[in-house]
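Protein chains: 2
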Amino acid sequence: MSAPASVLPGTIADALRADVVETRLAPGETVTEAAVALRFGVARSTARIAIEKLVAEGMLRREVHHAARVPELSRDDIVDLYATRAVVEGAAMRWLAEQGAVPADALAAHRGIRAAAKDGGAFAAQDIAFHRALVAGQRSPRLARVHDQLMGEIELGIGQVQAHGLMSAMTIAEQHEYVLAAVIAGDGERAERLAREHVMSARDALLAHFDTTHRPED
Amino acid sequence: MSAPASVLPGTIADALRADVVETRLAPGETVTEAAVALRFGVARSTARIAIEKLVAEGMLRREVHHAARVPELSRDDIVDLYATRAVVEGAAMRWLAEQGAVPADALAAHRGIRAAAKDGGAFAAQDIAFHRALVAGQRSPRLARVHDQLMGEIELGIGQVQAHGLMSAMTIAEQHEYVLAAVIAGDGERAERLAREHVMSARDALLAHFDTTHRPED
DNA sequence: CGCGCGACATTGTTCGACAATCTGCTACCT
DNA sequence: AGGTAGCAGATTGTCGAACAATGTCGCGCG
Numbered sequence: 001m002s003a004p005a006s007v008l009p010g011t012i013a014d015a016l017r018a019d020v021v022e023t024r025l026a027p028g029e030t031v032t033e034a035a036v037a038l039r040f041g042v043a044r045s046t047a048r049i050a051i052e053k054l055v056a057e058g059m060l061r062r063e064v065h066h067a068a069r070v071p072e073l074s075r076d077d078i079v080d081l082y083a084t085r086a087v088v089e090g091a092a093m094r095w096l097a098e099q100g101a102v103p104a105d106a107l108a109a110h111r112g113i114r115a116a117a118k119d120g121g122a123f124a125a126q127d128i129a130f131h132r133a134l135v136a137g138q139r140s141p142r143l144a145r146v147h148d149q150l151m152g153e154i155e156l157g158i159g160q161v162q163a164h165g166l167m168s169a170m171t172i173a174e175q176h177e178y179v180l181a182a183v184i185a186g187d188g189e190r191a192e193r194l195a196r197e198h199v200m201s202a203r204d205a206l207l208a209h210f211d212t213t214h215r216p217e218d
Numbered sequence: 001m002s003a004p005a006s007v008l009p010g011t012i013a014d015a016l017r018a019d020v021v022e023t024r025l026a027p028g029e030t031v032t033e034a035a036v037a038l039r040f041g042v043a044r045s046t047a048r049i050a051i052e053k054l055v056a057e058g059m060l061r062r063e064v065h066h067a068a069r070v071p072e073l074s075r076d077d078i079v080d081l082y083a084t085r086a087v088v089e090g091a092a093m094r095w096l097a098e099q100g101a102v103p104a105d106a107l108a109a110h111r112g113i114r115a116a117a118k119d120g121g122a123f124a125a126q127d128i129a130f131h132r133a134l135v136a137g138q139r140s141p142r143l144a145r146v147h148d149q150l151m152g153e154i155e156l157g158i159g160q161v162q163a164h165g166l167m168s169a170m171t172i173a174e175q176h177e178y179v180l181a182a183v184i185a186g187d188g189e190r191a192e193r194l195a196r197e198h199v200m201s202a203r204d205a206l207l208a209h210f211d212t213t214h215r216p217e218d
């Protein structure tokens with residue numbers, strides 16, 4: 001992650017992150033420093049640092065003197081998040097293709113998604129791992145850092161896509177394969193375009209779901 | 001900034017940031033929590049938060065159990081930083097052009113640089129303000145956040161460009177004007193290209209300076 | 001000369017306290 | 001009845017002191 005800090009707050013942040021992605025913490029719920037401190041048996045100062053880490057990632061939001069909340073992505077949030085994600089992941093795939101090598105962890109995660117497509121299991125974690133591994137594998141550590149900062153909210157989105165069955169594991173695996181093929185072929189232009197299209201198709205699935213579950217005036 | 005936290009650590013971080021950009025803190029110097037706490041008359045915990053903020057921005061670096069240091073950008077750092085910056089600012093200028101309006105603060109900063117071109121004054125702060133205002137003015141808050149994360153190191157670079165006279169204020173002002181013209185004309189494609197070229201020309205100036213001041217084997 | 005060991009510096013984490021700020025409710029005044 | 005002032009509770013923001021963990025540097029000993 002961008003700011004390593006120390007291990008304890010990081011561990012707590014990881015646990016909370018998992019809670020959010022796997023929807024044990026629903027959007028709208030609040031996370032107070034005292035509650036986190038109690039639950040993990042650490043000082044409030046330590047819990048506070050963990051929460052601030054997640055706020056910086058965009059996985060929690062807070063205003064001064066208010067408890068942190070799990071955000072509900074608004075329509076505008078979704079549009080903005082995925083537009084930015086398309087820019088960053090597009091550039092990452094272009095640069096990855098220019099190297100021509102695909103990281104092993106990305107391939108492992110990809111196999112996991114294909115398996116889920118057969119047995120109908122969960123794939124959110126594998127999907128997240130796939131994207132993270134690809135971006136981490138390209139040559140620019142700073143582009144990876146920038147992507148990491150978006151990952152918090154991206155994970156919120158991926159979690160929703162899976163929780164509501166907005167895209168099948170099969171569809172996702174297919175789109176991933178197109179991108180991988182372009183990367184292996186060393187075709188940066190095509191890799192960038194396909195990555196952007198993949199992101200946009202996830203965005204459209206989320207938006208369609210959003211529009212059917214929210215009244216127009218919401 | 002990305003994680004507002006509270007005001008006190010933010011204020012201290014701002015003061016330290018100015019120290020770094022204006023080279024009162026030279027690359028290589030260390031910044032300890034105790035020193036910051038003493039200097040600003042705050043608790044070490046508060047100073048620590050300020051330092052961590054700057055570390056997250058890339059304006060300071062630290063390893064665990066070591067004092068934070070003002071980084072000296074390596075050649076690879078410069079190449080990577082400016083490549084990433086080109087992607088982000090390029091996208092920002094494209095989107096800004098699609099809106100067609102230039103933020104007022106950006107114009108004010110631009111006038112400041114032109115003034116410096118005439119009277120030979122400092123322009124680093126204005127240059128930083130110019131880029132920040134432009135990116136903050138486009139429609140995507142997340143792209144702005146991502147840019148903010150790069151700003152710490154970008155400011156290091158801009159500070160060096162000015163401190164060593166690598167580019168004249170006049171040259172910079174001219175390149176800015178080209179970008180502004182494209183934005184006002186609503187030509188996203190051209191705005192993106194010119195922004196990237198501007199970034200690349202700053203990068204090349206820095207690299208040339210780097211190569212003349214470092215032995216090849218460094 | 002090299003190696004271990006001990007003093008020192010610095011960060012990592014905890015705890016407890018208090019101030020500042022926000023929310024919602026109550027009670028009073030009109 | 002209605003609006004408003006202000007009190008009570010919750011929560012964060014900052015402090016200060018303490019101790020543990022870790023890293024650095026130099027000194028002395030073999």
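Taken in sequence, the protein lines are chains F and Y. All letters in the first sequence, in the order written, are residues 1 to 218 by the UniProt record's numbering. All letters in the second sequence, in the order written, are residues 1 to 218 by the UniProt record's numbering. In this text, a Cβ means the ideal position worked out from N, Cα and C, and glycines have one as well.
Item to check | Chain-ordered chain Y contacts of S168(F) [CB-CB under 9 angstroms] | outcome: The residue given as residue 168(F) occupies position 168 in the first sequence. Within 9 angstroms Cβ-Cβ: nothing; S168(F) doesn't reach chain Y, min ~27 angstroms.
Item to check | Euclidean distance between Cα positions of A35(Y) and A18(Y) | outcome: On the second sequence, residue 35(Y) is found 35 positions in, with the first residue counted as 1. On the second sequence, residue 18(Y) is found 18 positions in, with the first residue counted as 1. Roughly 17 angstroms between the two C-alpha positions.
Item to check | Proximal residues to I51(F) (C-beta, below 7 angstroms), its chain only, five neighbours per side dropped | outcome: Walking along the first sequence from the start, residue 51(F) turns up at place 51. So the qualifying residues of the chain are V31, E33, V36, L60, A68.
Item to check | Per-residue DSSP class, three states only, for V64(Y) | outcome: Stepping through the second sequence from its first residue, residue 64(Y) is reached at position 64. Of the three classes helix, strand and coil, the one that applies to V64(Y) here is coil, per DSSP.
Checklist entry - Residues of chain F with CB under 7 angstroms from A91(Y), in chain order? => result Working through the second sequence from its first residue, we reach residue 91(Y) at position 91. Correct list: V87.
Item to check | Delimiting residues of the alpha helix (DSSP H) encompassing E155(F) | outcome: Translated into the one-based positions of the first sequence, residue 155(F) becomes position 155. From DSSP, the alpha helix (DSSP H) with E155(F) extends over 141-163.
Next on the checklist: Taking 8 angstroms as the threshold (C-beta atoms), are A133(Y) and A106(Y) in contact?
Outcome noted: Residue mapping note: residue 106(Y) aligns to position 106 of the second sequence, counting from 1. Residue mapping note: residue 133(Y) aligns to position 133 of the second sequence, counting from 1. For A106(Y) and A133(Y), yes; Cβs fall inside 8 angstroms.
Next on the checklist: Let me make sure I understand the geometry here. Which of V161(Y), A115(Y), V183(Y) has the alpha-carbon closest to that of G90(Y)?
Outcome noted: To locate residue 90(Y), count along the second sequence from 1; it is residue 90. When each option's Cα is compared against that of G90(Y), the closest is V183(Y).
Item to check | I113(Y) to I12(F) span [Cα, whole Å] | outcome: Along the second sequence, one-based indexing puts residue 113(Y) at 113. Along the first sequence, one-based indexing puts residue 12(F) at 12. Cα-Cα distance, rounded: 46 angstroms.
Next on the checklist: Cβ closer than 8 angstroms: which chain Y residues qualify as neighbours of V146(F)?
Outcome noted: Mapped onto the first sequence, residue 146(F) falls at position 146. Here the neighbours are T84, V88, V146, Q149, L150.
Next on the checklist: If the criterion is Cβ atoms closer than 8 angstroms, does the pair L207(F) and R85(F) meet it?
Outcome noted: To locate residue 207(F), count along the first sequence from 1; it is residue 207. To locate residue 85(F), count along the first sequence from 1; it is residue 85. For L207(F) and R85(F), no; Cβs fall outside 8 angstroms.
Checklist entry - Using a C-beta to C-beta distance shorter than 7 angstroms, which residues of chain F count as neighbours of S140(Y)? => result As a position in the second sequence, residue 140(Y) is number 140, starting the count at 1. Within chain F, the residues near S140(Y) are D80, A83, T84.
Next on the checklist: Which runs of the alpha helix (DSSP H) at least 4 residues long sit entirely within the stretch 37-106 of chain F? Give them in chain order.
Outcome noted: 44-57, 75-99
Next on the checklist: Between the alpha carbons of A136(F) and T213(Y), how many angstroms are there, rounded?
Outcome noted: Here residue 136(F) refers to the residue found at position 136 of the first sequence. Here residue 213(Y) refers to the residue found at position 213 of the second sequence. Rounded to the nearest angstrom, the two C-alpha atoms are 32 angstroms apart.
Checklist entry - What does S74(F) touch in chain Y if you count any residue whose Cβ is under 9 angstroms from its own? => result The residue you call residue 74(F) lines up with position 74 of the first sequence. In chain order: nothing, as chain Y lies at least about 12 angstroms away.
Checklist entry - Out of I49(F), E29(F), A56(F), V87(F), which has the shortest C-alpha to C-alpha gap to P71(F)? => result Counted from its first residue, the first sequence places residue 71(F) at position 71. Nearest option by C-alpha distance: E29(F).
Item to check | Under 9 angstroms from the C-beta of L207(F): neighbouring residues of chain Y | outcome: Here residue 207(F) refers to the residue found at position 207 when the first sequence is read from its first residue. Here the premise fails: no neighbours, minimum Cβ distance about 16 angstroms.
Checklist entry - Taking the alpha carbon of E177(Y) as the point to measure from, which residue in M167(Y), G165(Y), A195(Y), G120(Y) has its own alpha carbon closest? => result For the purposes of this step, residue 177(Y) is taken as residue 177 along the second sequence, with counting starting at 1. The option with the nearest alpha carbon to E177(Y) is A195(Y).
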